[in-house]
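Take a look at the structure set out below.
Residue numbers (my numbering): 5 to 341.
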């Protein structure tokens, strides 16, 4: 009798454990994938924040940075240590630098010296540290976030709403630096991710456990791939070679967690991505969700500090230039530990 009861109990336990495992597997399998244009169109609708903060909203997911969130973030500046998150502005042409800053000295006198700054092309792209405006810079089917149309942009001679000037009061919030070189099997022996290495939503969840952090609404998430470390060691490489970065499925993580901004030490989207032309995280983040993007930041010093402290969350401050109708801005964000 006792043997029968024990056998029955064991069988019940096996069924329950098996059922839970099967349920977990089904949950994992049910996670949406984005591999085709049809998947992308579905995600554009599922993840959309259009109208969430009003039809004329210009801030997008930055609305999630509340006064309470800022106060929480300010408490993270425990060490009082500030670290720049920007790379030096390139001033010379290179294989990965089609546009650069043309800095010219225009006057030197006993009482003053003057210089002039102008870009030879756009600061957008894969080399300059900059922040994309939530509207206008990236569009899908001729529309940016919250429905700003290319016709409106042309008529206004710039971004009519949701321009970079919408962030003129700056960004003050909590940032989490995801060190992707800590992911098992991802990093090269030299300590960087090779071009084309994709970081998926599951990788971010793994890094949360490894780094003992949890992304919450109003956060900025930043991805360290060792891009600048690789460039310093091997030299610049053609942009067609690609970059390590976020896989497009990270978009679901962003929406679920209420992320306000994303950034990386490259152009954010992994490339080559294997996705159809015009399908990428830039499109889903900016156009559908209103999540602005920091491109080509430099985390080498910040990641050293995070590793030393064993703390990957910090106060982030960033202030774009006040450019009315601007579609982005070069800038120098700060991590304050």
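We put the beta carbon where it would ideally sit given N, CA and C, even for glycine.
Values in this document were obtained by computation on a predicted structure and should not be read as measured data.
Span of the beta strand (DSSP E) around residue i
i: residue 298; result: 296-299
i: residue 109; result: 105-113
i: residue 117; result: 116-123
For residue i, the residue or residues it bridges with in DSSP
i: residue 178; result: 319
i: residue 267; result: 226, 298
i: residue 147; result: 144, 153
i: residue 92; result: DSSP lists no partner for residue 92.
i: residue 338; result: 88, 321
i: residue 128; result: Bridge partners of residue 128: none, in fact.
i: residue 202; result: 249
i: residue 134; result: 299, 334
i: residue 55; result: 58
i: residue 98; result: 101
i: residue 275; result: 247
i: residue 183; result: 228
Extent of the continuous alpha helix (DSSP H) run through residue i
i: residue 76; result: 71-78
i: residue 238; result: 231-238
i: residue 253; result: It is not in any alpha helix (DSSP H) - residue 253 carries neither H nor E in the DSSP assignment.
i: residue 50; result: 41-50
i: residue 313; result: 304-313
Top-ranked residue by Cα proximity to residue i, from the options
i: residue 316; options: 324, 322, 306; result: 306
i: residue 283; options: 341, 77, 268, 44; result: 44
i: residue 321; options: 90, 35, 54; result: 90
i: residue 167; options: 338, 63, 299; result: 63
i: residue 273; options: 265, 254, 234; result: 254
i: residue 93; options: 85, 115, 124, 75; result: 124
i: residue 183; options: 160, 261, 215; result: 215
i: residue 292; options: 37, 40, 36, 49; result: 49
i: residue 425; options: 232, 289, 79; result: Outside the shown range of the chain, which is 5 to 341, sits residue 425, and nothing can be said about it.
i: residue 176; options: 35, 72, 314, 82; result: 72
i: residue 263; options: 221, 246, 241; result: 221
Residue i versus residue j: straight-line alpha-carbon distance, rounded
i: residue 157; j: residue 140; result: 7 Å
i: residue 333; j: residue 213; result: 34 Å
i: residue 66; j: residue 174; result: 10 Å
i: residue 137; j: residue 130; result: 16 Å
i: residue 53; j: residue 113; result: 54 Å
i: residue 164; j: residue 260; result: 29 Å
i: residue 237; j: residue 181; result: 23 Å
i: residue 190; j: residue 234; result: 14 Å
i: residue 86; j: residue 335; result: 15 Å
Min CB distance residue i to chain B below 8 Å
i: residue 292; result: Reference to chain B is not applicable here, since this structure consists of a single protein chain.
* **Contact between the stretch 203-210 and the stretch 249-257 (3+ Cβ pairs under 8 Å)** => yes
* **contact_flag[the stretch 100-111, the stretch 119-138] where n(CB pairs < 8 Å) is 3 or more** => Verdict: yes, contact present.
* Do the stretch 283-294 and the stretch 255-267 meet, that is, are 3 or more Cβ pairs less than 8 Å apart? -> yes
* Check whether the stretch 287-302 touches the stretch 189-197, counting contact only when three or more Cβ pairs, one atom from each stretch, lie closer than 8 Å. => no
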